[in-house]
Structures are given as structure tokens and as C-alpha cells.
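Position 1 of the sequence shown, counted from 1, bears residue number 0 in numbering that gives the first Met the number 0, the numbering being contiguous throughout.
Shown next, in C-alpha cells, is the structure this report addresses.
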Amino acid sequence: MESLLGEDRPLYEVKANLFKGLAHPVRVRILEILTASDEVAVSALMEELHIEASHLSQHLAVLRKHHLVVSERRGSQVFYRPAFPEVADLLRAARSLLVDILTQTKRQLQDTNSLPTLASWANEPR
């Protein structure tokens, strides 16, 4: 089994592997749902996400493999929750970074509106 602690791998490789667990929009959404509650039943996740049980199961397996969620069976129900409080911190940091990136991109796009058009530039004397 591959070392989860990264004892024989550089830390950047271990980090990249963690991000593989987040590399699908459904998995990110699952984590958003889970971090908004103490725990969530699989049936509630299926309702919220509108995906088949088999697809949800695959995504949850990836999240478990990367130690991002834990599960607990109670009777016929299975409940999930984030494995660590830092999962919510990671999602908040990603959202904050994304807002900053989008704000900067919006400013850059607005700045391009003040540039002369190609037609007016071509007609100017040199």
C-alpha cells in the first residue's frame, strides 16, 4: 500500500495527492454539504446532489481514500462527516482565493475596455 504519510515521497507529492481527492465538482459539493452540518445521511446526499447511488458511492470512496471524510453506519443508514475540521478551512481558503482571482480578472477585463480599438489605432498618424 502506498504510504499515506509520504515517508518516501516529497511533501509536494503528498499534497498533490490530497488535491486529487478534490478534483471533481461533485466531491467538492459533497464536502460543502458535509461541512455545513454535523453529519449527513447518504440518502440526504443523494437527494441534494441528484445523482445515482452508485456514482455517489464512488465519489465518497475517493473522499474516504484521501482521508477527507469518515462514515458511520447506524442501522440501515450511513452517515458522513468531514474527517477533520480543516476540511472546512480548506474549502473556505479555496473560496477566498477564487474570489480574489475573479476580482482581479474582472479588473483586468475592465481595464481592457479603456484600450483603443484596433481600428482607431491603425488610423492614427505615426
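The beta-carbon is built from N, C-alpha and C at its ideal position, and this holds for glycine as well.
Residues near residue i in its chain [Cβ-Cβ closer than 7 angstroms; skip 5 each side]
i	result
Pro115	none
Met45	Ala52, Leu55
Leu33	Val39, Val68, Tyr79, Arg80, Pro81
Glu31	Leu90
Boundaries of the alpha helix (DSSP H) in which residue i is found, first to last residue
i	result
Arg63	52–64
Asp37	Note, Asp37: premise wrong, no alpha helix (DSSP H); not H, not E.
Glu47	41–48
Ala156	Past the edges of the chain, shown from 0 to 125, lies residue 156, and the structure says nothing about it.
Asp88	85–111
Neighbourhood of residue i by C-beta, 8 angstroms cutoff - its chain only, sequence neighbours within 5 removed
i	result
Thr104	none
Ser113	none
Boundaries (first-last residue) of the beta strand (DSSP E) holding residue i
i	result
Arg80	76–81
Inter-residue spacing [alpha-carbon to alpha-carbon] between residue i and residue j
i	j	result
Ala82	Asp7	24 angstroms
Gln76	Lys19	28 angstroms
Arg80	Val98	26 angstroms
Ala15	Thr111	35 angstroms
Arg94	Glu47	21 angstroms
Gly74	Ser42	13 angstroms
Contacts around residue i, its chain only, beta-carbon distance under 6 angstroms, and the 5 residues preceding and following it disregarded
i	result
His66	Ala82
Phe78	Glu38, Ala40, Glu71
Local conformation of residue i per DSSP, three classes
i	result
Asn71	Reading off the sequence shown, one finds Glu at residue 71, where the question assumed Asn. If DSSP states are grouped into helix, strand and coil, Glu71 belongs with the strands.
Thr116	coil
Glu6	coil
Below-8 angstroms beta-carbon distance, residue i vs any chain C residue
i	result
Ala60	Any reference to chain C falls outside this structure, which holds one protein chain only.
Using 8 angstroms as the threshold, is the segment 18–38 in touch with the segment 57–76, meaning 3 or more CB pairs across them?
yes
Any chance the segment 81–89 sits against the segment 39–53, with 3 or more Cβ pairs inside 8 angstroms?
no
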